[in-house]
Amino acid sequence: MLMQQLFTGLSIGGMYALMAVGYSLIYSLLNFTNFAHSIAVTAGAYTGFYMLSKVSPKLSIAVIAAILIGGVVSSIIELTSYNPLLNKGAKRIYLLIAGLGLSTIGQNIIIISIGGRFKAFPNASAMKLINVGGITMGSVDIIMIIVSVIALIFVELLMQKTKIGLAIRGAAFDLDVTSLMGVNVSQLILFVFMLAGSLAGLSGFFLGMKYTAYPALGDMTLKAFIASVLGGLGSIPGAVLGATVLGIMETLISAYISSSMRDIFSFAIMVFVLIIKPNGFMGKNVEDKA
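Numbering (numbering that gives the first Met the number 0), first residue to last: 0 to 289.
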């Protein structure tokens, strides 16, 4: 029973990690929390649902579509909302406020255009149960773990082994200096939003497969935000660590105490960590930011 819960926790933690890494990437560059991140998650879920039900039953095609749509949605948000604010020299707190507004707008657009009903994914094969060594695991949980690990390794290799990864790391240290070195900062920011949105779309697809697609699915990015805070805002390894810890702890709380205590616990541990270690598990000392 315990091993089964740990396995489920890892799968949920993997999805939190994909979203949390997106938060950390954007925060590391622009020093604000992108609460419009939720729109890309919901877009990924609905894209997956419609691809599987209307276009093709192949999981791979639906996953790729969800990744692309998540990236496109996030890019549009950056170009139409954040970029104009940044060009006007807006304070970071105004970007945060804009993100909150965009998140609400996105959710309501989905309700108006698609409806508020829950949409269960038609790919029943992904919902099969598998017994390994006496541990019953959902095939979707196995896929979630594998996909999240592959995606996170890809991001790490991108950051460490490519020129654009070097530029992102340099910009995270000092955006102005990076600009003076000839890097097109606007394009770099757009790329980071696209990457973060693609990860969000991927996580949205699998969260939709596990829980169904619905307009408020993107609210699960709040858990990813908690994971980012636990690990240290702006730290990618910290985001992964925080997401893994949170996913496992939430699953154990739901299984052995009460599912109604899960969210209380999540926010309580965030406040506790902020009190004893404001920069999170792996965060560095930074100035106050939005």
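Glycine is no exception: its CB is placed at the ideal position from the N, C-alpha and C atoms.
Assign residue i to one of two classes, buried (16 or more other C-beta atoms within 10 Å of its C-beta) or exposed (fewer than that).
| i | result |
| --- | --- |
| P277 | exposed |
| M143 | buried |
| N107 | exposed |
| T46 | buried |
| N130 | exposed |
| T135 | exposed |
| N33 | buried |
| F153 | exposed |
| A223 | buried |
| P214 | buried |
| A238 | buried |
| I145 | exposed |
| L179 | exposed |
| D173 | exposed |
| T161 | exposed |
| I66 | buried |
| K57 | exposed |
| L245 | buried |
| I263 | exposed |
| Y22 | buried |
| D287 | Here the model assigns D287 a pLDDT of 45, short of 50, so the residue's position is not dependable and the matter cannot be decided. |
| S112 | exposed |
| G282 | buried |
| Y81 | buried |
| I275 | exposed |
| K127 | exposed |
| M269 | buried |
| I25 | buried |
| K209 | buried |
From what residue to what residue does the alpha helix (DSSP H) around residue i run?
| i | result |
| --- | --- |
| F204 | 184-210 |
| K57 | First-last for K57: undefined, no H or E at that position. |
| K222 | 220-230 |
| Y15 | 1-29 |
| N86 | 82-86 |
| M248 | 235-255 |
| S265 | 261-275 |
On the premise that residue j lies in contact with residue i, defined as a C-beta separation below 8 Å, what is that separation, rounded to the nearest angstrom?
| i | j | result |
| --- | --- | --- |
| I43 | G69 | Note that residue 43 is Gly in the sequence shown, not Ile. G43 to G69, Cβ: 4 Å. Contact. |
| T243 | A97 | At roughly 30 Å, the Cβ-Cβ gap does not stay under 8 Å, so T243 and A97 are not in contact. |
| F280 | L229 | 6 Å |
| F48 | F120 | 6 Å |
| F192 | V139 | Wrong, their Cβ atoms sit about 28 Å apart, outside the cutoff. |
| A64 | G196 | 13 Å between Cβ atoms; not a contact. |
| S227 | A19 | 5 Å |
| T220 | S37 | 4 Å |
| I109 | T41 | 6 Å |
| G8 | T250 | 4 Å |
| S27 | G241 | Actually they are not in contact, since the Cβ atoms of S27 and G241 sit about 15 Å apart, beyond 8 Å. |
| L78 | F31 | In fact, because the Cβ distance is near 17 Å, the residues do not count as touching under 8 Å. |
| I188 | L29 | 7 Å |
| V62 | L201 | 7 Å |
| Q4 | A254 | 5 Å |
| A170 | V184 | 7 Å |
| I252 | R261 | 5 Å |
| G217 | S74 | Actually they do not touch by this definition, with Cβ atoms about 17 Å apart. |
With a threshold of 7 Å, establish whether the CB of residue i neighbours any heavy atom of the ligand ADP.
| i | result |
| --- | --- |
| I134 | Although the ligand ADP was asked about, the structure shown includes no ligands whatsoever. |
Please specify which runs of the alpha helix (DSSP H), each continuous and at least 4 residues long, are wholly inside the region 100-173, giving them in chain order.
Runs of the alpha helix (DSSP H) inside the region 100-173: 138-160, 162-172.
Every unbroken alpha helix (DSSP H) inside the region 36-76 [4 residues or more]
You should have 36-49, 58-76.
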